[in-house]
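Position one of the sequence shown corresponds to residue 2 (the working numbering), numbered consecutively onward.
Working notes, structure below.
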Amino acid sequence: MAYDIAPGALDHALSQFATTAGITLTFPADYAANLTTPGLQGYYTEVDGLARILEGSDLNIVPIQGGYTLQQSAATATSTTVGNQTEFSTLTVEADRIDDSWVYHEPRSVSVISREQIDRRPPRHASDMLIETPGVASATNRHNPGLSVNIRGMQDFGRVNMMVDGMRQNFVQNAHQQRNGEMYVDSELLSGAVVERGPRSGVHGATAIAGSVNFQTLDYDDVILSDNDVGVRLRGITGAGGEGNGVNFIGSTAVAGRFGDNLELLAARSRRSLGDYSIGSRGGGDRNRVWSDTGYDSFYDDVKFARQTQESNLFKGRLQLTPEQSLQFTYVGTEVDYTNTTDADSSAQESGTPWRDLGTSSVESQSVAFDYNWNPSNNNWFDLNVKLYGVDTKLNNYNNPAYPPGDTGIVDLAWDFGYCDQDPIPSSWQPHCSYGIGKDQNISTRTYGIQVDNTSRFALNDTTQLSANYGIEYFRDKADSEVRVNREGRPLPDHTQYGEGEALNPYGERSIGSIFSNLTLEDNFYTLSTGLRYDHYWLTGDTQVYGTRAIYESRFDRYMRLQCNRAAAGNAGAAVFCDAGRTGGEEAILAIPLNAYNGSQYAARWEQENGFYDHHVDRSAGKLLPSLAAAIRPTDWLELYANWGKSWRPPSINESLVVGAHPGSGSSFMFPNPFADAETTTSWEVGANTVFNDLLTPGDSLFTKLGYFDTRADDYLFTAMGVALPGQGRTGSDGADPSRLAFVNNRTQTQFRGLELESRYDAGWIYGGVTYTHYLGSPNQFCPNLYFAGAGEHRFDQPNEDGSMPEQHEMAREAGYDSWEEWANNQVVCGNMAFNSVIAKPVDKGTANLGVRLFDQRLDTGLRYNYSGNGWYNQDTGGAQTWFRYTTWDWYGSYRVNDHLALLASVENLTDEMYLDGYSDALARVYSPGRTAQIGMELRF
């Protein structure tokens, strides 16, 4: 690790060392009083660095769990004796969660979202916490509190490992393909978050081809004041008068305590209540326009149906088994209620806005973990961490009965005459039978996981360290869903709106197992690292695939079928031939004059039968994934680094098994793809870290991280419209039905490239920061197989009655294939068919903030500037612009009255701009809040 600690007071230097190293230092406060240090510059191991800082003192280093404690030598130990008891004033110096300077010493793309950053603009939606993080976006729908994290243009189905305290949040709800994977997190219970951009070969790296974000919940020192054993933290924020703009209340209560030397407990509860809000009044280009029922344009100024309530709970308990071992229990639970709404329409609904109230939605998510750590003193072989966890997320959507626009009563007619009660529903009535019913949908994902990793460290000489990090990760997702429908209160247990198949968000199980190892050699000048991981997956479940069955019909069978059908219709002549065939067979027919038996219309042929067939999925595969990294430090202020690695993501449960019609209508239909290939990526990045101290004034610091990334994905899975089904006989994109969708592999390479900048300056009384992301290249092209599930056209490869082959077979042979089916299965089509977020190149984004700390740093106030660029959903194929460039300003301020009370205030969107969050949900199109003022307080004792 690189350190740049100036000579000076020992207690200040120890605090800076703990922050940079990310460790905990515990020692009696008077040990460091009035002592100085020669400082620390360069790369050191933790022990060697501490030893250098402590030169000239009488303090000794003793390793403990998570860090070190300092002890005086026996000859100089000091204490205060009261009666028969000896008391020490103990000072604990922890890695400061607010100070994110350690990321500028890391030779990779990593960022921290600090508690200080979260408090500057209290998040209305969880995605608001990501604004200042380069390379990160979210397909935000402000009607829906779920958070979907996008890193470098990739999201969904585990491409980004979204975690709370290291517990994977793998819940999936198909959200019109703008979000396929959501987590529910409450900012009030967080101490911060760490965002890793790019694949990693460590404990959280399985399937995470884009990176990871780990939201860290409150810890004991976030609640307990220094020198106390028990602490209480009360927070409350509300909208300020007429500018509150739908912020009713955001707040929390937290209590924590230390009991003896080995037990710590923490409990917290939070609540947030939000309502409808006004959008901005400036700019926007009249994009809040909708078509009214009178035939004229109308405009809306409010976002309706934005009501949300969330209540969350946190409990932690840590037991120090020995000075070298600890065990921790963590529980995080949240319950959310909100309105189930439609995507934005082009016409005004009853609300006067583009959205319609469909019903109600509620989410319950619970996460439980047990953590064990063992870090024996004087043993460099072991720094062992073990985690067992479980996550259970359940969502309920209730859809009120809906009717299509302009319904003339045909829906009620279909139900009243019993067409919708048939099994299967006649195809001509299926679209009508998807209306007029209430739907109660329950979706759940349960995840169970284990993580084990150990780090061994060896000092090769005074400045060189060799470390090895290795371990395993295993997690299992179990998805389930149920749809209960009713017609005017009458349960319909056997009703499906499309005749066949199961509900969207299917039942299935997928497990991922991973073994990994990383070897790092580091000294003052360089860092070299190599990693290797092996990932394996198992997927099981049942679905219904659309397929064909080939049936051979001989001349006699065809002749009899056609003649007997005519006879049944009253044709007397045909009855003669039908009776003859039944009694005497072929000879009896040929004996009748004018039998036409040898006519071409009765020639033998292969026919096919199309439909849904039950299909059991049981797949597994594995992949070996190497990685390399290197960094050099030519000066004490500059570090250059490069990283390269392979990553792999197998198909998810939904991508493989999902089947069914669009809830609430028959406008589209999802087909499963149990034959999908895994995604494989090659990622590399180059970057630079710079650290300048005492640049403009004594004690100031300037940190910068600049990087270029390039990720190339093979077989990237996306949602395709107009897919060809087995048995269709299509030879290209002609005849495609856009209502047919499936997750398919992109057979051309999908690429994500860009530049990221993150910089921070701090001189104590004044500070600031800049972040920026610029994406390079053109939007990706999408070219899936013509038949994602196989052509299924066996008939074109069967001989005719005379022994010749069909013309389709001969065409395929001329093209170099053994059969027409082989030819069809190898055809790739390109075009405007992608229907999810990957079709859009991410928008450029940036922030800049400038603040001051006055009155002994009790007052902290500043401004933040936000920028988002233009974006198109499918620009290269003529798609309309979806996201428009905007800039907004935010103000924040806090005043710490004393050590116990702080007053908080902020104004979001100072200039009241109308804007749609960059890269947000392109179909929901929910505009962001206009000017919003919030005030609050934090009380700690």
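Don't be surprised by glycine CBs; every beta carbon is placed ideally from N, CA and C.
Just so we're clear, the structure is a prediction, and the values are computed from it rather than from any experiment.
Requested in this report: State the beta-bridge partners of Y69 as determined by DSSP.
Outcome: Numbered from its first residue, the sequence shown carries residue 69 at position 68. Per DSSP, L26 and P64.
Query raised in the report: Within this structure, are the beta carbons of A643 and V687 separated by less than 8 Å?
Result: By 1-based counting over the sequence shown, the position of residue 643 is 642. By 1-based counting over the sequence shown, the position of residue 687 is 686. For A643 and V687, yes; Cβs fall inside 8 Å.
Query raised in the report: Which residues in the same chain have their Cβ closer than 6 Å to the Cβ of Y390, if we skip the five residues on either side of it in sequence?
Result: Residue numbering aside, residue 390 sits at position 389 when the sequence shown is read from its first letter. Hits under 6 Å: M168, A370 and G450.
Report task. With DSSP as the reference, label I251 as helix, strand or coil. Result -> Position 250 of the sequence shown, counting from 1, holds the residue named residue 251. Note: I251 maps to strand in three-state DSSP.
Query raised in the report: With burial defined as no fewer than 16 other Cβ atoms inside 10 Å of the residue's Cβ, what is the status of W430: buried or exposed?
Result: Within the sequence shown, numbered from 1, the residue matching residue 430 stands at position 429. The residue in question, W430, is buried, as its Cβ has 16 or more Cβ neighbours within 10 Å.
Query raised in the report: What whole-angstrom Cβ distance do L520 and A469 have, given they're in contact under 8 Å?
Result: Counted from its first residue, the sequence shown places residue 520 at position 519. Counted from its first residue, the sequence shown places residue 469 at position 468. Between A469 and L520 the Cβ distance is about 5 Å, and since that is below 8 Å, they are a contact.
Query raised in the report: Under the criterion of a Cβ to heavy atom distance below 7 Å, does I24 qualify as lining the ligand FAD?
Result: The ligand FAD is absent from the structure shown, which contains no ligand whatsoever.
Report task. Check each candidate in S366, R198, H205 and N487 and name the one with the smallest Cα separation from N401. Result -> As a working note, residue 401 is residue 400 in the sequence shown. When C-alpha distances from N401 are compared across S366, R198, H205 and N487, the shortest belongs to N487.
Query raised in the report: If you draw a straight line from the C-alpha of S653 to the C-alpha of R926, how long is it?
Result: Here residue 653 is taken as the residue at index 652 of the sequence shown, counted from 1. Here residue 926 is taken as the residue at index 925 of the sequence shown, counted from 1. Spanning the two alpha carbons is a distance of roughly 27 Å.
Report task. Taking 8 Å as the cut-off, decide whether the C-beta atoms of D711 and R754 are in contact. Result -> Your numbering for residue 711 matches position 710 in the sequence shown. Your numbering for residue 754 matches position 753 in the sequence shown. Taking 8 Å as the Cβ cut-off, D711 and R754 qualify as a contacting pair.
Report task. Rounded to whole angstroms, what's the CA-CA distance from L275 to T448? Just pull it up for me. Result -> Looking up residue 275 in the sequence shown gives position 274. Looking up residue 448 in the sequence shown gives position 447. Rounded to whole angstroms, L275 and T448 show a C-alpha spacing of 30 Å.
Query raised in the report: With P930 and E909 assumed to form a contact (beta carbons below 8 Å), what rounded beta-carbon distance in angstroms separates them?
Result: Within the sequence shown, the letter at position 929 stands for residue 930. Within the sequence shown, the letter at position 908 stands for residue 909. Indeed, because the Cβ distance is near 7 Å, the residues count as touching under 8 Å.
**Report entry** Assumed close pair L658, G542 - CB separation to whole angstroms, cut-off 8 Å
**Finding:** As a first step, residue 658 is located in the sequence shown; it is residue number 657 there, counting from the start. As a first step, residue 542 is located in the sequence shown; it is residue number 541 there, counting from the start. Confirmed, about 5 Å.
Query - Extent of the continuous alpha helix (DSSP H) to which G586 belongs - result: As a working note, residue 586 is residue 585 in the sequence shown. Unbroken alpha helix (DSSP H) run through G586: A573 to L591.
Query raised in the report: What's the C-alpha gap between E365 and Q609?
Result: Looking up residue 365 in the sequence shown gives position 364. Looking up residue 609 in the sequence shown gives position 608. The alpha-carbon atoms of E365 and Q609 are separated by roughly 47 Å.
Query - Inter-residue Cα distance where the pair is G582 and E802 - result: As a working mapping, residue 582 is identified with position 581 in the sequence shown. As a working mapping, residue 802 is identified with position 801 in the sequence shown. Put simply, the backbone Cα of G582 is about 20 Å away from that of E802.
Requested in this report: List the residues that DSSP assigns as beta-bridge partners of Y768.
Outcome: The residue you call residue 768 lines up with position 767 of the sequence shown. Bridge partners of Y768: D763 and G852.
Requested in this report: Using only alpha-carbon positions, find the residue among R53, Y373, G791 and T38 that is nearest to P8.
Outcome: Translated into positions along the sequence shown, residue 8 becomes position 7. Distances from the alpha-carbon of P8 to those of R53, Y373, G791 and T38 put T38 closest.
Query raised in the report: Which first and last residues belong to the alpha helix (DSSP H) in which D558 is found?
Result: As a working mapping, residue 558 is identified with position 557 in the sequence shown. Counting along the chain, the alpha helix (DSSP H) containing D558 begins and ends at R556 to A569.
Requested in this report: Can you say whether I840 is buried or exposed, counting buried as having 16 or more other CB atoms within 10 angstroms of its CB?
Outcome: Translated into positions along the sequence shown, residue 840 becomes position 839. Classification of I840: buried, given that the 10 Å Cβ count is 16 or more.
Query raised in the report: What are the complete beta strand (DSSP E) segments, minimum 3 residues, inside the stretch 207-260?
Result: Qualifying beta strand (DSSP E) stretches, in chain order: 212-218, 231-240 and 248-260.
Query raised in the report: Taking the alpha-carbon positions, what's the F952 to L267 distance?
Result: Only positions 2 to 942 of the chain appear in the structure, and residue 952 is not among them; the question remains open.
Query raised in the report: Do the stretch 570-584 and the stretch 508-527 touch if we need at least three Cβ pairs shorter than 8 Å?
Result: With the cut-off at 8 Å, the stretch 570-584 and the stretch 508-527 do not touch.
Query raised in the report: Which ranges would you report for the alpha helix (DSSP H) in the stretch 413-488 if only whole runs of at least 4 residues count?
Result: Taken in chain order, the whole alpha helix (DSSP H) runs of length 4 or more contained in the stretch 413-488 are 431-434.
Query raised in the report: Name the DSSP beta bridge partners of S621, please?
Result: The sequence position of residue 621 within the sequence shown is 620, counting from 1. Beta-bridge pairing links S621 to W539.
Query raised in the report: Can you tell which of T682, R567 and E939 has the C-alpha that lies nearest to the C-alpha of T208?
Result: Walking along the sequence shown from the start, residue 208 turns up at place 207. Taking only the C-alpha atoms, the option nearest T208 is T682.
Report task. Count the CB pairs spanning the stretch 761-769 and the stretch 700-716 that are closer than 8 Å, and state whether there are at least three. Result -> Touching, yes.
Query - For S518 and Y471, believed in contact at Cβ under 8 Å, the rounded distance - result: Position 470 of the sequence shown holds residue 471. Position 517 of the sequence shown holds residue 518. Between S518 and Y471 the Cβ distance is about 4 Å, and since that is below 8 Å, they are a contact.
Query - For S313, the nearest candidate out of N215, E189 and I280 (CA to CA) - result: The residue you call residue 313 lines up with position 312 of the sequence shown. Measuring C-alpha to C-alpha distances from S313 to each of N215, E189 and I280 identifies E189 as the nearest.
Requested in this report: Identify, in the order they occur along the chain, each residue of the same chain with its Cβ nearer than 7 Å to the Cβ of A589, setting aside the five sequence neighbours on each side.
Outcome: Within the sequence shown, numbered from 1, the residue matching residue 589 stands at position 588. Same-chain partners within the cutoff: A581 and G582.
Requested in this report: Verify whether the separation of the beta carbon atoms of L864 and L851 is less than 8 Å.
Outcome: The residue you call residue 864 lines up with position 863 of the sequence shown. The residue you call residue 851 lines up with position 850 of the sequence shown. Note that the C-beta distance between L864 and L851 is below 8 Å.
Report task. For T310, name the three-state secondary structure that DSSP assigns. Result -> One-based indexing of the sequence shown puts residue 310 at position 309. Correct three-state label for T310: strand.
Query raised in the report: Anyone know if the C-beta pair for Q442 and V484 falls short of 8 Å?
Result: Numbered from 1 along the sequence shown, position 441 holds the residue referred to as residue 442. Numbered from 1 along the sequence shown, position 483 holds the residue referred to as residue 484. Yes, the Cβ-Cβ distance between Q442 and V484 is below 8 Å.
**Report entry** Under the three-state DSSP convention, the category R122 falls into
**Finding:** Translated into positions along the sequence shown, residue 122 becomes position 121. The three-state reading of DSSP puts R122 in coil, since its state is none of H, G, I, E or B.
Query raised in the report: Does the stretch 342-358 touch the stretch 312-332, meaning 3 or more C-beta pairs lie closer than 8 Å?
Result: Not touching, per the Cβ criterion.
Query raised in the report: Where does V546 sit, in a helix, a strand or coil, going by DSSP?
Result: For this step, residue 546 is matched to residue 545 along the sequence shown. V546 falls in the strand class under three-state DSSP.
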